[in-house]
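Numbering (the UniProt record's numbering), first residue to last: 1 to 157.
Okay, here's the thing in structure tokens:
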């Protein structure tokens, strides 16, 4: 399914911004359209959830087995890998390949193949060592890391 986007004109500026409204879900997409292999950052308010784009409008991510949301996964210590439509996300999201400055990404085809091989698997979840951001960075770069956790550890002291 091809996801259709509309340009969104910000009420606070007079130019077309790099924000598009997803016509299928009322969410906003900031920046470039997701391409296979891109990391997708979902804004959940006080934390970010991460997935990897596997095709036009589809994302693979590590989430709660019961579909209650990724934060609830931390209570259960297990998570499941799912492939879902970006159109079904109630959260704003953007492409965020910010780690490309620190590590060389694998080719998109390799990322997509590795991500799809994980779909349906139950994985151990650890908020500090094995969360959704660790999962997608391992797929894209071959190294699992998460600055979000490091940042939270230093700012909450």
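Cβ coordinates follow ideal geometry from the N, Cα and C atoms, glycine included.
Using a threshold of 8 Å, state whether the C-beta atoms of residue 96 and residue 55 are closer than that. no
Quickly, what does DSSP pair residue 62 with across the bridge? List them, please. 81
Measuring straight from C-alpha to C-alpha, what distance separates residue 143 and residue 107? 14 Å
Looking at the secondary structure, which residues open and close the beta strand (DSSP E) in which residue 119 lies? No beta strand (DSSP E) holds residue 119; DSSP gives it neither H nor E.
Out of 147, 145 and 125, which has the shortest C-alpha to C-alpha gap to residue 65? 125
Cutoff 8 Å; reference residue 116; Cβ partners in own chain excluding five residues on either side: 54, 60 and 83
What whole-angstrom Cβ distance do residue 58 and residue 33 have, given they're in contact under 8 Å? No, residue 58 and residue 33 are not in contact; Cβ-Cβ is about 13 Å, not under 8 Å.
Using only CA atoms, which one of 113, 89, 52 and 45 lies nearest to residue 137? 52
Buried or exposed: which applies to residue 133, given that a residue is buried once 16 or more other Cβ atoms fall within 10 Å of its Cβ? buried
Let me know the secondary structure DSSP gives residue 146 once reduced to three states. coil
Within 10 angstroms of the Cβ of residue 77, are there 16 or more other Cβ atoms? Answer buried if so, exposed if not. exposed
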